[in-house]
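Just below is one structure, and these are the notes that go with it.
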Amino acid sequence: MTTDITLMKGNEAIAHAAIRYGVDGYFGYPITPQSEILETLMAQMPWQTTGMVVLQAESELAAINMVYGGAATGKKVMTSSSSPGVSLKQEGISYLAGAELPCLIINVMRGGPGLGTIQPSQADYFQTVKGGGHGDYRLIALAPASVQEMADFVGLGFDLAFKYQNPAIILADGIVGQMMEKVTLPPFQPRRSEEEIIAQCPWAARGRQANRQPNVVTSLELDPAKMEENNLRFQAKYRQIEENEVRYEEFLCADAEYLLIAFGSSARICQKAVENAREEGIKVGLLRPITLWPFPTKILSAYAYQVKGMLSVELNAGQMIEDVRLAVNGKVKVEHFGRLGGIVFTPDEVLTALKDKLIHA
Amino acid sequence: MKKEIIIAGFGGQGVLSMGKILAYAGLLEGKEVSWMPSYGPEQRGGTANVTVILSDERISSPVLNQYDIAIILNQPSMDKFEDKIKPGGILIYDGYGIHTLTDRTDITIYRVDAMDTATEMKNEKAFNMLILGGLLQVQPMVHIENVLLGLKKSLPERHHHLLPMNEAAIHKGMEIIQQV
């Protein structure tokens, strides 16, 4: 790819962005609808240019544990999968969070539960923001709504992961993974030198220097008092992330009487629904959480005093709606609209649901 | 300018690549573009479709209820999409694949006998370029030279010897399209 502005799939954009962002290693296992990430990386052969390792592991479990190993040495490492594969990775993700290791995980969601379907879905919201693996941990969760954001969030995800020593996840879906749009790829930046990694990651396990204590990277702590201390440290870090890293986008919210709340590709469909509603004279706005955790609680709580109702529009049976309801705390009516199992709603269906559930209810 | 287009047919007919070439041509003209495919097993024998949007402004939804232009290449797609063409919109279909045409009178209907022509040309691979030529004849939304550049970009280099054949098919398609 010679030009920086080009037409590509969201999955391909992630692969190109990873190479350009100086990522050290990708470990993955193919699954629809995200296999183009691994395919594109293999076709680009970055090991010959930047030195980036690209490895098809024997399984998702192997891939996430390779990420653990790479991250423990301070390397910029990532993995990607789709829903069933991300379920397999959950143990490793909990360990990464418990060991405070920065890394990037990508989930291009498909319909579930189980092996489900290969069509788009957003039913892994709970898994992503409410746990997934065991223990009191959080993932910094970014929800891209365009091919451009698929490219941009690779860099953003790694920046946040290293800033807070915490795993970050890009929660995408089959639409944004498979669609092609115009994208401006980020400029090339070299992989960090070994010295730069040591300076950035003084905690990393890289072979002990003669005059310092060994660095230990682990999630294990058998002394409960120390384990509570660790947890309190994690929680303090999570509060800091909630304070500093909330991201969202507003579309025609200023005079809105009703608010749609949607993330990822659903937000794109909702934007069209808002445009159509405005043509009919209905004052609707769209609030798109870009970070699903930390969730844009404060702004939603503020809009609770302005609007007559909120509709949480998701490709699932109602997951993000719980966070919307917590944010508005009963001050305004919040309803949900969704399609399930890989069926994608159209802008018309969203507008009809808004009328049925809120305007004429 | 904004064109919302659905191209629908059987997997293997070149539905997705036709859409890709159109999107590339739009990109080269500085337009906003989106290309949203049906993906998965249907690409290998079932029905396949792609939504292509070319616009001067930022595109909101890549998923649509209604289309300005529907290019329909088999009967199941006709049944699925005939009601989803905007009033005043355009339907282009291949005469070979369709036995029951829509009875809508509020749209303009064109027929391209692409399958028959491709068979005559002894080149079934020219099918989608014949259709694309027909589209560009009745809706010149992008310049032909950019379509050819798009074609070049989306064909792997080992197939570049096929470019003149594809270009000829586009021109042939422009000749054979007729209003119904």
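Chains as they are written, first to last, in the working numbering: chain R, 7 to 367; chain G, 15 to 194. Backbone N, C-alpha and C define an ideal beta-carbon position, used for all residues, glycine too. A quick note: this is a predicted structure, and the numbers were derived from the prediction, not measured.
Quick check on residue i: does DSSP put it in helix, strand or coil?
i: residue 86/R; result: strand
i: residue 310/R; result: coil
i: residue 8/R; result: Summary for residue 8/R: the model assigns pLDDT 45, below 50, so the residue's position carries little reliability; its value from the coordinates is reported in the next sentence. Residue state, collapsed to three classes: coil.
i: residue 22/R; result: helix
i: residue 87/G; result: coil
i: residue 109/R; result: strand
i: residue 113/G; result: coil
i: residue 300/R; result: coil
i: residue 279/R; result: helix
i: residue 100/G; result: strand
i: residue 33/R; result: strand
i: residue 197/R; result: coil
i: residue 130/R; result: coil
i: residue 119/R; result: coil
i: residue 292/R; result: strand
i: residue 226/R; result: coil
i: residue 186/R; result: strand
i: residue 192/G; result: strand
Between the options, which lies nearest to residue i when the distance is taken from Cα to Cα?
i: residue 133/G; options: 117/G, 110/G, 171/G; result: 110/G
i: residue 338/R; options: 347/R, 349/R, 311/R, 234/R; result: 311/R
i: residue 331/R; options: 342/R, 322/R, 323/R; result: 342/R
i: residue 296/R; options: 255/R, 290/R, 111/R, 229/R; result: 255/R
i: residue 227/R; options: 163/R, 105/R, 147/R; result: 105/R
i: residue 140/R; options: 95/R, 212/R, 177/R; result: 95/R
i: residue 183/R; options: 27/R, 127/R, 243/R, 247/R; result: 127/R
i: residue 363/R; options: 334/R, 315/R, 333/R; result: 315/R
i: residue 2/R; options: 98/R, 199/R, 20/R; result: Any question about residue 2/R goes unanswered here, given that chain R covers just 7 to 367.
i: residue 125/R; options: 200/R, 32/R, 88/R; result: 88/R
i: residue 27/R; options: 14/R, 36/R, 57/R; result: 57/R
i: residue 224/R; options: 216/R, 233/R, 218/R; result: 233/R
i: residue 167/G; options: 37/G, 17/G, 24/G; result: 37/G
i: residue 157/R; options: 328/R, 356/R, 14/R; result: 14/R
i: residue 98/G; options: 90/G, 82/G, 107/G, 44/G; result: 82/G
i: residue 40/R; options: 75/R, 235/R, 181/R; result: 181/R
i: residue 294/R; options: 270/R, 198/R, 355/R; result: 270/R
i: residue 50/G; options: 24/G, 18/G, 44/G; result: 18/G
i: residue 197/R; options: 329/R, 209/R, 55/R; result: 55/R
i: residue 70/G; options: 129/G, 156/G, 25/G, 194/G; result: 156/G
i: residue 30/R; options: 49/R, 60/R, 170/R, 244/R; result: 60/R
i: residue 189/G; options: 113/G, 46/G, 136/G, 143/G; result: 143/G
Would you mind sorting residue i into buried or exposed? The rule is 16 or more other CB atoms within 10 Å of its CB.
i: residue 85/G; result: buried
i: residue 61/G; result: buried
i: residue 11/R; result: exposed
i: residue 20/G; result: buried
i: residue 8/R; result: The pLDDT assigned to residue 8/R is 45, lower than 50, so where the model puts this residue is not dependable; a value taken from the coordinates is nonetheless given after this. With fewer than 16 other Cβ atoms within 10 Å, it is exposed.
i: residue 250/R; result: exposed
i: residue 325/R; result: buried
i: residue 93/G; result: exposed
i: residue 171/G; result: exposed
i: residue 66/R; result: buried
i: residue 74/G; result: buried
i: residue 167/R; result: buried
i: residue 199/R; result: exposed
i: residue 113/R; result: buried
i: residue 15/G; result: exposed
Under the assumption that residue i contacts residue j (Cβ atoms under 8 Å), give the Cβ distance between them as a whole number of angstroms.
i: residue 309/R; j: residue 266/R; result: Contact flag wrong, Cβ pair sits at about 11 Å.
i: residue 95/G; j: residue 22/G; result: 6 Å
i: residue 179/R; j: residue 321/R; result: 7 Å
i: residue 121/R; j: residue 90/R; result: 6 Å
i: residue 190/R; j: residue 348/R; result: With 8 Å as the limit, residue 190/R and residue 348/R do not qualify as a contact, their Cβ atoms being about 31 Å apart.
i: residue 118/R; j: residue 85/R; result: Contact doesn't hold; Cβ gap of about 19 Å is too wide.
i: residue 87/G; j: residue 153/G; result: About 17 Å; that fails the 8 Å criterion.
i: residue 164/R; j: residue 110/R; result: 6 Å
i: residue 36/R; j: residue 44/R; result: 6 Å
Is the beta carbon of residue i sitting closer than 8 Å to the one on residue j?
i: residue 240/R; j: residue 143/R; result: yes
i: residue 76/G; j: residue 274/R; result: yes
i: residue 279/R; j: residue 353/R; result: yes
i: residue 313/R; j: residue 260/R; result: no
i: residue 292/R; j: residue 268/R; result: yes
i: residue 191/G; j: residue 151/G; result: yes
i: residue 67/G; j: residue 108/G; result: no
i: residue 145/R; j: residue 134/R; result: yes
i: residue 18/R; j: residue 46/R; result: yes
i: residue 176/G; j: residue 35/G; result: no
i: residue 160/R; j: residue 186/R; result: no
i: residue 208/R; j: residue 99/R; result: no
What residues from chain A crowd round residue i, counting only those whose CB sits closer than 7 Å?
i: residue 191/R; result: The chain inventory of the structure shown lacks chain A, comprising the protein chains R and G.
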